[in-house]
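A.B. asks: If you read the sequence shown in my numbering, its first letter stands for residue 1371, the second for the next number, and so on.
C-beta atoms are modelled at their ideal positions from N, C-alpha and C, and glycine is treated no differently.
Take a look at the following structure, please.
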Amino acid sequence: MKKVVFVLLSMMIIGCKKHHDHDGDKGEHHKEHHAEEKLEHDNHVKNEAPDAEYDYMTKAYNIPSNTGKMQSPINILTSAMSGNRPEIEVNFQDKIIAIENLGHTVQLDFEKGSSIKVDGVQYDFKQVHFHTPSEHLINGVTYPMEAHLVTTIADTTLIAKGAKKYMVLGYMFEMGESNEFIEEFIDIIPSKENEIIKTAPHEVKLDDMIKGETAQDLAYYHYNGSLTTPPYTESVSWYVCSTILTATPDQIQTINKVIGNNARHIQDLDNRKIDIE
1371 MKKVVFVLLS MMIIGCKKHH DHDGDKGEHH KEHHAEEKLE HDNHVKNEAP
1421 DAEYDYMTKA YNIPSNTGKM QSPINILTSA MSGNRPEIEV NFQDKIIAIE
1471 NLGHTVQLDF EKGSSIKVDG VQYDFKQVHF HTPSEHLING VTYPMEAHLV
1521 TTIADTTLIA KGAKKYMVLG YMFEMGESNE FIEEFIDIIP SKENEIIKTA
1571 PHEVKLDDMI KGETAQDLAY YHYNGSLTTP PYTESVSWYV CSTILTATPD
1621 QIQTINKVIG NNARHIQDLD NRKIDIE
C-alpha cells in the first residue's frame, strides 16, 4: 500500500475511520433530537437519523434524490479493496477566512492558496463542512460526525479528459478527547441561518484537526462518486480517511443542534472499485 505524502506549508494533517447505515424514520420531528440523544449513550449513532434527502425535499430544493449509478455516500467494505492509488500532495496555507451557518450544515471557507494534487492534477480547497451523523459507512458502521473538505479542479479543461470536477476528503469523528480545530470555532458558529462570521488570521487552523499522527501514517479509501447534497453531481473523486478523529460529546452535539441530522442514506456501489491509498 502506497503511503500518502503531504507537502505542507502549515503542517496540515487529517484523519478518519468507520461507519454504519441510517435507514430510519424520515419524520421531520426527529431532525433536532435523535442524533443528540443517541450520542449520550452510544458512540455509534443507530438507524434513527432521518434521511437528509427528505429534509432537502421539504425545503423545496426540487432536485431528484438519486440521479445515477455513481452516487454517494456508500458503504465501504474493506474486504473488497483493490489496487493502490497514487501519492497525494497537499500544499496547505492556513487561510480559513469565514464560518457560515447554512442551516443544513456549518461551513468554514478557505481563502485562495491551498491546493491538493493527485496524478499531477491540481484541486483548490474551497470549504470544509460537517454532517451528523457520518455519511459514509465502513463495514456497516457509522460515527457521530463526518467532516468534508471540498476542493474543485483548477484547470476545468481536464474534465473532458476524464478528471473529476471535485475532490472531497472525508474524515469521521468518534466521541473522545477534545478536537482543537473544532474548539477554535465552536463558540463563534453563527446563530442565525445564512449568517456569516469572518475569522481573524490564524484564528481557526485546519492543521489542528489531527494531533499525534504523521502524514505517512494516513490511509484513504478512494472511489468515484457524487456530491451528497443537491444537485448530487457525479463528478467527485472521494478520499475517505481510514483513521478516526475524536471530538467531545459537547462539540458534536453543539454542531448537531445547528445542522440537525443531515446525513444522506448510503447509495448502491453498482460495481464501482474502491481502492486503498
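(1) Around the C-beta of Thr1598, are 16 or more other C-beta atoms found within 10 angstroms, so that it is buried, or is it exposed?
(2) How would you label Lys1534, buried or exposed, when you count the other beta carbons within 10 angstroms and need 16 or more for buried?
(3) From the DSSP output, which residues share a beta bridge with Thr1521?
(4) The beta strand (DSSP E) with Gln1441 in it runs from where to where?
(5) So who's on the other strand from Thr1448, going by DSSP bridges?
(6) Looking at Ile1328: is its Cβ nearer than 7 Å to the Cβ of Met1515?
(7) Identify the residues that DSSP records as bridge partners of His1501: which are they?
(8) Hey, quick one: how far does the alpha helix (DSSP H) through Ile1469 stretch, first residue to last?
(9) Using the beta-carbon count (16 or more within 10 Å), is Ile1469 buried or exposed?
(10) What does the alpha-carbon distance come out to for the pair Phe1480 and Ile1466?
(11) Buried or exposed: where does His1506 fall if 16 or more other Cβ atoms within 10 Å of its Cβ makes it buried?
(12) Determine the direct distance from the alpha carbon of Ile1636 to that of Lys1429, and round the result to whole angstroms.
(13) Could you tell me which residues DSSP puts in a beta bridge with Val1488?
(14) Mind checking who Lys1627 pairs with in its DSSP beta bridge?
(15) Check whether the segment 1556 to 1575 and the segment 1523 to 1538 are in contact - that is, three or more C-beta pairs closer than 8 Å.
(16) Have a look at Thr1584 and Ala1530 and give me their C-alpha separation to the nearest angstrom.
(17) Please confirm whether Thr1522 and Asp1489 have their CB atoms less than 7 Å apart.
(18) Taking the straight line between their C-alpha atoms, what separation do you get for Val1476 and Lys1482?
(19) According to DSSP, simplified to helix, strand and coil, what is Ala1633?
(20) Considering only C-alpha positions, which residue in the set Gly1473, Val1491, Trp1608 is nearest to Thr1527?
(21) In three-state terms, what does DSSP make of Ala1589?
C.D. replies: Quick look at the numbers:
(1) With 16 or more other Cβ atoms within 10 Å, it is buried.
(2) With 16 or more other Cβ atoms from the protein chains shown falling within 10 Å of its own Cβ, Lys1534 counts as buried.
(3) According to DSSP, which records beta bridges pairwise, Thr1521 is partnered with Phe1495, Met1537.
(4) Per DSSP, Gln1441 lies in no beta strand (DSSP E) and is assigned neither H nor E.
(5) According to DSSP, which records beta bridges pairwise, Thr1448 is partnered with nothing at all.
(6) Since the first residue of the chain shown is 1371 and the last is 1647, residue 1328 is not available in this structure.
(7) For His1501, which the question treats as bridged, DSSP gives the partners Glu1516.
(8) Premise fails: Ile1469 lies in the beta strand (DSSP E), 1466 to 1471, not in any alpha helix (DSSP H).
(9) With at least 16 other beta carbons inside 10 angstroms of its own, Ile1469 counts as buried.
(10) Within the model, the alpha-carbon separation for Phe1480 versus Ile1466 is close to 5 Å.
(11) With 16 or more Cβ atoms within 10 Å of its Cβ, His1506 is classed as buried.
(12) At Lys1429, the pLDDT of 47 sits below 50, so the modelled position is not reliable; the number obtained from the coordinates is stated separately. Counting only the Cα atoms, Ile1636 lies some 21 Å from Lys1429.
(13) Its beta-bridge partners are Ile1458, Val1491.
(14) Per DSSP, none; premise fails for Lys1627.
(15) The answer is no - the segment 1523 to 1538 does not touch the segment 1556 to 1575, with fewer than three Cβ pairs under 8 Å.
(16) In this predicted model, Thr1584 has a pLDDT of only 46, less than 50, meaning its place in the structure is not dependable; the value taken from the coordinates is given anyway. The straight-line gap from Cα to Cα measures roughly 35 Å.
(17) Contact flag unset, no.
(18) About 20 Å.
(19) In the three-state DSSP reduction, Ala1633 falls in the coil class, being neither helix nor strand.
(20) Nearest C-alpha to Thr1527: Val1491.
(21) Looking at Ala1589 - three-state DSSP - the assignment turns out to be coil, as it is neither helix nor strand.
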